[in-house]
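Here the structure is laid out as structure tokens; the discussion comes afterwards.
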Amino acid sequence: MMILDRTRERRTTGLKRLGYPLMFLLVGSLMPLSIWVAAGSALVRQQREARRARRLACLIDADCPAGYACVNGHCIPIDDC
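To convert, note that position 47 of the sequence shown is 47 in my numbering; the numbers rise steadily by one, no gaps.
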């Protein structure tokens, strides 16, 4: 019985010794990755909004699609005017 208890104890101690550093390495490597993913998604969103704003820029009502009017250089739905 004593021999089995010692081997069990060694296994759990070995897992703790190996598990905690591996967990810290995993978390430490995932944090910068998540920051890059967040920055990339913010950049993509900003580019989409800029593209949408350029597409709806106008000088006269003829520059806007049907159902839109040109107000202060932007195409706005006629219902909102």
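Ideal placement from N, C-alpha and C gives every residue a C-beta, glycine not left out.
Inspect the beta-carbon positions of residue i and residue j and report whether they are closer than 9 Å.
| i | j | result |
| --- | --- | --- |
| Cys75 | Ala50 | no |
| Asp63 | Cys70 | yes |
If you follow the beta strand (DSSP E) that residue i is in, where does it begin and where does it stop?
| i | result |
| --- | --- |
| Ile76 | 74–77 |
| Ala69 | 68–71 |
Got a sec: does the ligand GDP put a non-hydrogen atom nearer than 8 Å to the Cβ of residue i?
| i | result |
| --- | --- |
| Phe24 | With respect to small molecules bound, the structure shown includes none, and the ligand GDP cannot be examined in it. |
Judging by CA-CA distance, which residue of the options is the nearest neighbour of residue i?
| i | options | result |
| --- | --- | --- |
| Gln73 | Leu25, Leu30, Leu18, Asp61 | A quick correction: the sequence has Gly, not Gln, at residue 73. Comparing Cα-Cα distances from Gly73 to each of Leu25, Leu30, Leu18, Asp61, the minimum goes to Asp61. |
Cβ of residue i less than 9 Å from any chain D Cβ?
| i | result |
| --- | --- |
| Gln47 | Structure shown: chain D not included; a single protein chain is present. |
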